[in-house]
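Report on the following structure.
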Amino acid sequence: MISDAVFYLSIIMALTSMILTMATSIQERRREIALLRVRGASLRELLGMVLGEAAIITILGYVLGLVLAMVFTYGYLTMAFSAFYIISGAPVEFPPGYIMTIPQGLYLIIGLAFAAFLLSASIPLLVIAKEDISKELRITH
1 MISDAVFYLS IIMALTSMIL TMATSIQERR REIALLRVRG ASLRELLGMV LGEAAIITIL
61 GYVLGLVLAM VFTYGYLTMA FSAFYIISGA PVEFPPGYIM TIPQGLYLII GLAFAAFLLS
121 ASIPLLVIAK EDISKELRIT H
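According to my numbering, the residues represented by the sequence shown are 1 to 141, in order.
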């Protein structure tokens, strides 16, 4: 029960973090986006550029998180089973493929991650793309 709440809270925090990161990235590149629009870039091209960036960040974060989770899980289980062996004297072995088992909820997590990257990249870009280009390119001192 508590572990489910922690899981869902961590998912919400990750989604929020991703949305804020992409929104900040796009806000910092307002002038660049305006220049691309002046040069003839369509909204579709801009969206493709930003979604590509978000996809790379999402995939790298997912792969890195999965690898680190597997490494730490293996280390934790090895340490726990070693302590059990020291205390009880009974040998403990990992079943083949135990660490590499893919949980059922993994596909849900992958789906949520891709939905998050679509939302986190497209919403801020659509907001900026509808603004007046001349306002962004005005030089102020």
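Ideal Cβ placement from N, Cα and C applies to all residues, glycine included.
Query                                                                                                                                    : Result
DSSP three-state call for Ser-42: helix, strand or coil?                                                                                 : coil
Please confirm whether Leu-15 and Ala-116 have their CB atoms less than 8 angstroms apart.                                               : yes
Taking DSSP as the reference, what is the three-state secondary structure of Gln-27?                                                     : helix
Under a three-way DSSP split, which group does Arg-138 fall into?                                                                        : coil
Could you spell out where the alpha helix (DSSP H) holding Gly-111 opens and where it closes?                                            : 106 to 129
Apart from the five residues just before and just after Leu-51, which ones in its own chain have a Cβ nearer than 8 angstroms to its Cβ? : Phe-117, Leu-118, Ala-121 and Ser-122
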